[in-house]
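Take the sequence shown: its letters are residues 17 to 280, numbered as in my numbering.
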Amino acid sequence: MRLDLSGKTALVTGSTQGIGWAIAAGLARSGARVGVNGRGADTVNAGVERLRAEVTGADVVAVPADVATDEGAAAVTEALPDVDILVNNLGIFEATPALEITDAQWRRYFEVNVLAAVRLTRAYLPGMTARGWGRVQYIASDSAVVIPAEMIHYGMTKTALLAVSRGFAKEAAGTGVTVNSVIAGPTHTGGVEDFVYQLVDRSLPWDEAQREFMRRHRPQSLLQRLIEPEEIANLVVYLSSAQASATTGAAVRVDGGYVDAILP
Ligand SMILES: NC(=O)c1ccc[n+]([C@@H]2O[C@H](COP(=O)([O-])OP(=O)(O)OC[C@H]3O[C@@H](n4cnc5c(N)ncnc54)[C@H](OP(=O)(O)O)[C@@H]3O)[C@@H](O)[C@H]2O)c1
17 MRLDLSGKTA LVTGSTQGIG WAIAAGLARS GARVGVNGRG ADTVNAGVER
67 LRAEVTGADV VAVPADVATD EGAAAVTEAL PDVDILVNNL GIFEATPALE
117 ITDAQWRRYF EVNVLAAVRL TRAYLPGMTA RGWGRVQYIA SDSAVVIPAE
167 MIHYGMTKTA LLAVSRGFAK EAAGTGVTVN SVIAGPTHTG GVEDFVYQLV
217 DRSLPWDEAQ REFMRRHRPQ SLLQRLIEPE EIANLVVYLS SAQASATTGA
267 AVRVDGGYVD AILP
């Protein structure tokens, strides 16, 4: 299957590093023009440069803005008025004991992880439906289904994204626009290596260390290793393609079998 996204414009929120960057690179590799987003001009420019260095001929646009604010979303839509593929990847997470999560934290998690995505969907969906083609995706998590006791505010936002995605898919019914969420599992991103080495023997090489970590601390994973960001990106690129035209309103898993369920 050849996935060709040439002629399409994509926006990936929170894409200066980690899963978002891998998604931006995957979309660019398939020929899409890609907007790289983060809060700071320096991190965005670094992400753009890295992408140009790794993907020959990449057509990349720097879109620095805090999309968790009205002003940031407005700046993004001004820079990229017509987007065909919107990947709402931005998401923050941190561990906090359940009874210590403050009202301010609950609100911030809702605003950054849910409302930012809703706002951009509201901005771009009408253009997609008018053009008769579009792809909207939300990067959810195994935490949407298996709520972690140490970050229920994060889990709540990821469950909410599944609902938001299903709802907007209904809004887009019959228009040629598909709307889906992607349930990503434990992934090998920035701080994760440090986190792993806090829990297993520091002298182990990475491959062994992550397997030991998964065996001891994430035994429900069938993959028994962390997922590489490119493996999440592969699913997102497929869902962005013409070939994925019959998948909409779905929550699709790329979680290494972490969620112990037949359906999401
Ligand atoms: N990592 C995992 O194991 C895992 C597992 C399942 C699901 N996920 C989900 O996957 C997504 C990406 O996670 P990740 O671990 O790859 O993230 P990450 O490495 O922490 O990257 C976060 C990105 O978001 C940007 N960002 C943060 N706040 C922003 C804001 N207000 N506006 C615009 N950009 C902002 C950051 O850039 P700047 O610093 O330049 O702003 C950075 O590019 C999240 O939704 C997460 O919940 C992750």
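The C-beta atom is built at its ideal place from N, Cα and C for all residues, glycine as well.
Check	Outcome
Own chain, CB closer than 6 Å to V128, minus 5 neighbours either side, in chain order	A84, I108
Continuous alpha helix (DSSP H) assignments of at least 4 residues falling wholly in the stretch 32-107	34-45, 57-70, 86-95
Own chain, CB closer than 7 Å to Q236, minus 5 neighbours either side, in chain order	Y274, D276
8 Å Cβ shell around V60 - same chain, five flanking residues per side excluded	T32, V52, N53, G54, A78, V79, P80
Run of the beta strand (DSSP E) containing S256, from where it starts to where it stops	Element bounds for S256: not the beta strand (DSSP E) but the alpha helix (DSSP H), 245-256.
Unbroken stretches of the beta strand (DSSP E), 3 residues or longer, contained in the stretch 131-194	150-157
Which listed residue (L177, R234, A62) has its alpha carbon closest to that of V195	L177
Three CB pairs or more closer than 8 Å across the stretch 180-190 and the stretch 212-229	no
For L21, three-class secondary structure by DSSP	coil
Length of the line joining the Cα atoms of A266 and V216	36 Å
Whole-angstrom C-beta distance between G36 and G364, which should lie under 8 Å	The question about residue 364 has no answer, for the chain in this structure spans 17 to 280.
Same chain, Cβ closer than 7 Å to V208, neighbours up to 5 away in sequence not counted	L242
Three-way DSSP call (helix, strand, coil) for V270 in this model	strand
Check whether H169 and W122 have beta carbons under 7 Å apart	yes
Rounded straight-line distance, which links the Cα of Y140 to that of K174	21 Å
Option nearest G150 by Cα separation, candidates A91, L27, G73	L27
Nearest neighbour of L255, chosen from E65, I155, E87 [CA to CA]	I155
Heavy atom of ligand 1 within 6 Å of I39 beta-carbon	no
Three-way DSSP call (helix, strand, coil) for V28 in this model	strand
Spatial distance of T25 from S46 (CA atoms)	11 Å
Q33 beta carbon near ligand 1 (any heavy atom closer than 6 Å)	yes
Beta-carbon proximity check, I39 vs V252, cutoff 7 Å	yes
P202 beta carbon near ligand 1 (any heavy atom closer than 6 Å)	yes
Residues that T203 bridges to, as DSSP identifies them	I243
V208 - DSSP class collapsed to helix/strand/coil	helix
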